[in-house]
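Those sequence lines, one after another, are chains A and B.
Convert by adding 251 to the 1-based position in the first sequence; the result is the number in the numbering used here.
Convert by adding 251 to the 1-based position in the second sequence; the result is the number in the numbering used here.
We put the CB at the ideal spot given by N, CA and C, even for glycine.
Computed from a predicted structure; not experimentally measured.
There are 2 protein chains.
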Amino acid sequence: MRSTTRAETFPAHTPAVSQIFTTVLSHGPLTRLEAARRAGLSPAAVTKAVRPLLAAGYLAEDADGEARPALGRPANLVRVDGGRALFIGVKVTGDEVIAVLTDLCCRIRLARRLPVTDRAARAVLTSIAELTRELRSEAEDFGAPVLGLGIAISGDVDRAEGAVRYSPFLDWRDVALAELAAMTTGLPVVVDNDVRALTVAEQWFGAGVGLSDFAVVTVGAGIGCGLVIHGRVVSGAHGVAGEIGHVAIDPAGPLCHCGNRGCVEAIAGDAAIVTRMREVTGRQVVDSTEAVALAHEGVPGAREVYARAGEAIGRGIATVANLFGPERVIISGEGLAAYDLFAEQILDSFTAAAFGSAARCDVQTRPLPFEEWARGAAAAAIQSFITSSPTPTGKG
Amino acid sequence: MRSTTRAETFPAHTPAVSQIFTTVLSHGPLTRLEAARRAGLSPAAVTKAVRPLLAAGYLAEDADGEARPALGRPANLVRVDGGRALFIGVKVTGDEVIAVLTDLCCRIRLARRLPVTDRAARAVLTSIAELTRELRSEAEDFGAPVLGLGIAISGDVDRAEGAVRYSPFLDWRDVALAELAAMTTGLPVVVDNDVRALTVAEQWFGAGVGLSDFAVVTVGAGIGCGLVIHGRVVSGAHGVAGEIGHVAIDPAGPLCHCGNRGCVEAIAGDAAIVTRMREVTGRQVVDSTEAVALAHEGVPGAREVYARAGEAIGRGIATVANLFGPERVIISGEGLAAYDLFAEQILDSFTAAAFGSAARCDVQTRPLPFEEWARGAAAAAIQSFITSSPTPTGKG
DNA sequence: GTGGCTTATTTTCCGCTGTCAATAAAAGAA
DNA sequence: TTCTTTTATTGACAGCGGAAAATAAGCCAC
Numbered sequence: 252m253r254s255t256t257r258a259e260t261f262p263a264h265t266p267a268v269s270q271i272f273t274t275v276l277s278h279g280p281l282t283r284l285e286a287a288r289r290a291g292l293s294p295a296a297v298t299k300a301v302r303p304l305l306a307a308g309y310l311a312e313d314a315d316g317e318a319r320p321a322l323g324r325p326a327n328l329v330r331v332d333g334g335r336a337l338f339i340g341v342k343v344t345g346d347e348v349i350a351v352l353t354d355l356c357c358r359i360r361l362a363r364r365l366p367v368t369d370r371a372a373r374a375v376l377t378s379i380a381e382l383t384r385e386l387r388s389e390a391e392d393f394g395a396p397v398l399g400l401g402i403a404i405s406g407d408v409d410r411a412e413g414a415v416r417y418s419p420f421l422d423w424r425d426v427a428l429a430e431l432a433a434m435t436t437g438l439p440v441v442v443d444n445d446v447r448a449l450t451v452a453e454q455w456f457g458a459g460v461g462l463s464d465f466a467v468v469t470v471g472a473g474i475g476c477g478l479v480i481h482g483r484v485v486s487g488a489h490g491v492a493g494e495i496g497h498v499a500i501d502p503a504g505p506l507c508h509c510g511n512r513g514c515v516e517a518i519a520g521d522a523a524i525v526t527r528m529r530e531v532t533g534r535q536v537v538d539s540t541e542a543v544a545l546a547h548e549g550v551p552g553a554r555e556v557y558a559r560a561g562e563a564i565g566r567g568i569a570t571v572a573n574l575f576g577p578e579r580v581i582i583s584g585e586g587l588a589a590y591d592l593f594a595e596q597i598l599d600s601f602t603a604a605a606f607g608s609a610a611r612c613d614v615q616t617r618p619l620p621f622e623e624w625a626r627g628a629a630a631a632a633i634q635s636f637i638t639s640s641p642t643p644t645g646k647g
Numbered sequence: 252m253r254s255t256t257r258a259e260t261f262p263a264h265t266p267a268v269s270q271i272f273t274t275v276l277s278h279g280p281l282t283r284l285e286a287a288r289r290a291g292l293s294p295a296a297v298t299k300a301v302r303p304l305l306a307a308g309y310l311a312e313d314a315d316g317e318a319r320p321a322l323g324r325p326a327n328l329v330r331v332d333g334g335r336a337l338f339i340g341v342k343v344t345g346d347e348v349i350a351v352l353t354d355l356c357c358r359i360r361l362a363r364r365l366p367v368t369d370r371a372a373r374a375v376l377t378s379i380a381e382l383t384r385e386l387r388s389e390a391e392d393f394g395a396p397v398l399g400l401g402i403a404i405s406g407d408v409d410r411a412e413g414a415v416r417y418s419p420f421l422d423w424r425d426v427a428l429a430e431l432a433a434m435t436t437g438l439p440v441v442v443d444n445d446v447r448a449l450t451v452a453e454q455w456f457g458a459g460v461g462l463s464d465f466a467v468v469t470v471g472a473g474i475g476c477g478l479v480i481h482g483r484v485v486s487g488a489h490g491v492a493g494e495i496g497h498v499a500i501d502p503a504g505p506l507c508h509c510g511n512r513g514c515v516e517a518i519a520g521d522a523a524i525v526t527r528m529r530e531v532t533g534r535q536v537v538d539s540t541e542a543v544a545l546a547h548e549g550v551p552g553a554r555e556v557y558a559r560a561g562e563a564i565g566r567g568i569a570t571v572a573n574l575f576g577p578e579r580v581i582i583s584g585e586g587l588a589a590y591d592l593f594a595e596q597i598l599d600s601f602t603a604a605a606f607g608s609a610a611r612c613d614v615q616t617r618p619l620p621f622e623e624w625a626r627g628a629a630a631a632a633i634q635s636f637i638t639s640s641p642t643p644t645g646k647g
């Protein structure tokens, strides 16, 4: 019953083509001249690069309807035709599988969820397949093919191999997820760490557009960090990087599940906040929603719990800034539901702990609906599609 | 009286030429085939790249005298002719100006020092000029031209502009040092942050050869860190990065001159150690040499001071490892005179605080004679010489 | 010694990319 | 209408790096 779409490939025959496409993708509609300037190429190269992309339908041309300088030949805006192709992004947590259908511009078209009852890889894979099938069938209404599937999972993930090395939340070890999912769905599959996937989405479609050095910090159950340095996402020599959650900031702090004391996550992670909220208020608190509620109600001591968490996060971010000097830090995560509770502390303690010019780093916050994680997975799939060489052409 | 050597340039006409040269420079004598494999080029490209470099004398060919596999045509080793060109590297501290003369392979040929009595830029510049003149005149015996001058200074240095933005130790602000030194010496000048320069030296000539992700941590008066990520030295968006010294690891720690508490430098920097040694032993201790001596003598409490410092350094390194997952961390610095005193703690606390795969990072130590800082400056000059395009040829 | 074998290096094209300079196109201005 | 101004396109071209084939240079067996 599965549609056996022959894997459609992207006509990125040359570096210039990829570069122009990603430039237009990130920087919205552009004139060819402008695209040339941004990509550091000659206008002639842009014309040549754009042609096959127009022909294949990935780019479209707008007659520039806007008010324009009224002199000279009017510019033709080139933009990515988002409706040309669709992608599916899936985020797997210990409780849920969240899937979104996005277009080529990574705009979410549809979203679906499925609870996880059995964390075994086989069961999760079935859920992924189920959601994928559902979204694909609905996608038919959009009249565009689904060209890739991205899966985001927290933990140690080897994107190149498409394997989950170790995922604590799911208790997986060495699962060749990409291969399995590709067999089940018939789609090209990318598997990546969730924070890295989110970082890719920010780099291409979010607050990281145009920056060569920035960080994404996610606050929630865990505290994670994705880094972009020299314009590329950092993966670390052993596939692990950005473990801001286990940066130890206080030797006298609470014990962390990693065995150390005073990790950022042990102070500001959801579980830590809930535990502490229980201790401080003496009430039954089972999840972070309740903890937030207590703080908002003004229960004595509750706000201090968040203040302390915010301080820890701010110091963690300052550490990142001191070490890498990013241009911007984007704070995001489910934990942002409580953002008003610790925003001030994050900024204050960041400012206090940032050294010298590191304090010039722009600290932003972005709400992160849970679908955003899945969107990150879709972004990874889009990235993979775009950079997949159709035929190992040229220099090889 | 200054020799008006017309600035000799490096014949790096194409990317392949640069790549092959740096490959041979870092990986010692190589056969063309081997060089091709390492650089990811075809053997034919190597032949073509090597020819102009041989002609210009930067590369030389050895008949391979070694025992060889005894089958097939013998390979011809290609190596960099270190004697072809000389460079001068200068490190400026608050007390001294240290200068070295190196060859193209960054081997130190001569070293000179001059005390700093007046920290004003003009006075220091005079010392630099003096040492440069001396070394150049002695260099004549080597029969090779001096092709560049590198200057390393701690603090906020803008290499691209050749300007010292702010140097706390010298109390300089916005000094256009490269321009001044170039005028005085008539040499092409590179000015860079001292730790970054040292990192370049490690990347090309030291323990970082062949690694795309590693860190250099220097222990001494300050605690510094140079990062190489994706094969490039990290400078940060604002020109400052690697401030491991001001990573705060203990909110209850001693006050740091940066205004925070518990910075690594406030615990493990020379000044911090001396201060604490005084407190703990109750003796007069004026510098770190004396502090080391006390610890070696077994004065009660003295060793604990170093243990505590080692622990702080280890935790700082673990933070770096957690955040970007380097393949190796190279610990170096004048402070290594005391290395036996805290080696164990560094490794122990690193191992304890490193999260997951980050612990697989290889932590090495290298002695760092003080001239090594100056050598780093020379490495920066060499790098600049090699990558300086002779004529803005080709694309552009 | 000579022919054969193996491996290293060089040569000889060749495709391909992106630049340059000239040209077309699309308006408004004169 | 014609000129001006700005954007887009075209075609010639230079040059980089690859592939394959040719050549070089030893060693070995006979």
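Ignore the nearest five residues each way along the sequence and tell me which others in residue i's own chain have a CB closer than 6 Å to its CB.
i, result
"A:R387", "V397"
"B:I637", "F261"
Look at the alpha carbon of residue i and the alpha carbon of residue j, and state the distance between them as a whole number of angstroms.
i, j, result
"B:M252", "B:V375", "Because B:M252 sits at a pLDDT of 44, beneath the cut-off of 50, its placement in the model cannot be relied upon, and the point is left open."
"A:G437", "A:F393", "20 Å"
"B:H481", "B:G493", "15 Å"
"A:L598", "A:Y590", "11 Å"
"A:G279", "A:A286", "10 Å"
"A:G504", "A:G561", "14 Å"
"B:S254", "B:R384", "Legend: pLDDT at B:S254 = 45, less than 50; position of this residue unreliable, no value from coordinates given."
"B:Q596", "B:T602", "10 Å"
"B:L328", "B:A336", "20 Å"
"A:V536", "A:V525", "6 Å"
"B:A395", "B:L355", "10 Å"
"B:G399", "B:L304", "18 Å"
"A:R512", "A:V498", "10 Å"
"B:G459", "A:D445", "30 Å"
"B:T616", "B:L506", "28 Å"
"A:S463", "B:L292", "28 Å"
Note down, in chain order, each residue of its chain lying with its Cβ closer than 7 Å to the Cβ of residue i, except the 5 sequence neighbours on either side.
i, result
"A:A563", "I500, V515, I518 and A519"
"B:A629", "F338, I339, G340, V351, T353, C357 and G401"
"A:T298", "R283"
"A:E585", "G471, L619 and F621"
Identify which residue in the options has its Cα closest to the Cα of residue i.
i, options, result
"B:E430", "B:L328, B:P620, B:V446 and B:A380", "B:A380"
"A:F593", "A:A609, A:R554, A:L619 and A:V467", "A:R554"
"B:A306", "B:A432, B:D332, B:N327 and B:A295", "B:D332"
"B:R302", "B:G334, B:R330, B:M434 and B:A371", "B:R330"
"B:P266", "B:I404, B:A300 and B:S293", "B:A300"
"A:V550", "A:P325, A:G533, A:R559 and A:A572", "A:G533"
"A:A433", "A:Y417, A:S600 and A:T377", "A:T377"
"A:W624", "A:S583, A:H508, A:D613 and A:A311", "A:S583"
"B:A569", "B:E412, B:P439, B:V468 and B:S293", "B:V468"
"B:A326", "B:G552, B:L281 and B:Q634", "B:L281"
"A:L428", "A:P419, A:V415 and A:P439", "A:V415"
"A:D313", "A:R483, A:G345 and A:V275", "A:V275"
"B:R529", "B:G552, B:S293, B:G487 and B:D443", "B:G552"
At a threshold of 7 Å, does residue i count as lining the ligand ZN (C-beta to nearest heavy atom)?
i, result
"A:L365", "The model depicted lacks the ligand ZN and carries no ligand whatsoever."
Excluding the 5 residues preceding and the 5 following residue i in the sequence, name in chain order all residues of the same chain whose CB lies nearer than 8 Å to its CB.
i, result
"A:R566", "I500, V515, S600, F601 and A604"
"A:G308", "D332 and R335"
Three CB pairs or more closer than 8 Å across the segment 477-488 of chain A and the segment 435-451 of chain A: yes
3 or more residues per run - each beta strand (DSSP E) lying fully within the segment 345-394 of chain A: 347-354 and 359-366
Segments of 3+ residues assigned as beta strand (DSSP E) that fall wholly inside the segment 567-611 of chain A: 579-583
Segment contact flag, the segment 538-546 of chain B with the segment 570-579 of chain B, C-beta cutoff 8 Å, min 3 pairs: no
The segment 423-434 of chain B touching the segment 354-364 of chain B, judged by at least three CB pairs closer than 8 Å: no
At least three beta-carbon pairs within less than 8 Å, the segment 484-498 of chain A to the segment 605-622 of chain B: yes
Complete runs of the beta strand (DSSP E) confined to the segment 472-505 of chain A [at least 3 residues]: 474-480
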